[in-house]
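J.: According to our numbering, the sequence shown is numbered sequentially starting from 5.
In this text, a Cβ means the ideal position worked out from N, Cα and C, and glycines have one as well.
Have a look at this one before I ask anything.
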Amino acid sequence: MVAMKLAKMFLLPKGTGLIRYIPYVFIIPVIVFHALALTGCVSTSPGIPNIYDLSSTLFPSATSSNNTLLKNEITDLITTAQDLQTELFNSVPAGAAVLFIVGLVALFFFKRDRKKNGVVEWYEQGKWSKIVKRGTYGALFLSAAMTFAAALATSQSAGALQITSAVMENASVLIKTGTTIQVFQWIAFGFGLSFALVVPFLAKPKGESGGEYVDKEGNVV
């Protein structure tokens, strides 16, 4: 409750109310870091160093009777890493980015609806009002959840593959996780969740008198 009161104090000030637009700045890092994370998944350009999910280093194989078996194990390991990078590390963040854009579009209509109809009780809201409200919250929070899932899955899966390659006896390949891309995903999650949490304050209609916020009947909220 204290945190909510402090947020309302800073995001809904009396007067000009310019501070309430600061959360819109969160949109920029969310989009930028989503783009960088996705670039690390699909790009093979050497101009973007140390951004990959997984990288491999080859070493000369030791001569042994288990050489054929070892090569098969390494092939399976690399195949698994490639599948994770293309199916998990790429698709989930891409879905989260699309949902965030959808949430922004829904927020635009949500704000227009609030400006037109004011703040009313849930049972008094029209069908369109409920749709845009649920769409805004659903898309933004689901985007944050998917970003969190992608970041956690990337860290756990890539870390497991790195450990597996490191402990293989006489391994001729060493898989390393891309720390940079994991940082990008966690930053995108932090800003995305923060933006979703301040939507209730951003969507409140602004009155014409001194930056106050009023409901449909003109009462100060």
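Roughly how many angstroms separate the alpha carbons of Asn94 and Ala110, rounded to a whole number?
T.: Using only the alpha carbons, I get a separation of about 25 Å.
J.: With a threshold of 6 Å on Cβ separation, who are the neighbours of Thr151 within its own chain once the five nearest residues in sequence on each side are excluded?
T.: Result list for Thr151: Ala100, Ala192, Phe193 and Gly196, in chain order.
J.: If we ignore side chains and look at the alpha-carbon of each, how far apart do Thr43 and Gln186 end up?
T.: So the two alpha carbons sit approximately 12 Å from each other.
J.: Give me, in chain order, the residues of the same chain whose beta-carbon lies closer than 8 Å to that of Ala39; leave out the 5 immediate sequence neighbours on both sides.
T.: If we look at Ala39 and ignore the five residues flanking it on each side, its Cβ neighbours are Ala101.
J.: Between Phe113 and the rest of its own chain, which residues show a CB-CB distance below 7 Å, the 5 nearest in sequence each way excluded?
T.: Same-chain partners within the cutoff: Val136.
J.: What's the C-alpha gap between Ile105 and Gly163?
T.: Ile105 and Gly163: Cα-Cα distance of roughly 30 Å.
J.: Looking at the secondary structure, which residues open and close the alpha helix (DSSP H) in which Ala200 lies?
T.: Run containing Ala200: Thr183 to Leu201, per the alpha helix (DSSP H) assignment.
J.: Compare the Cα-Cα distances from Leu156 to each of Lys115, Phe188 and Leu144 and report the closest residue.
T.: Checking every option, the nearest Cα to that of Leu156 belongs to Phe188.
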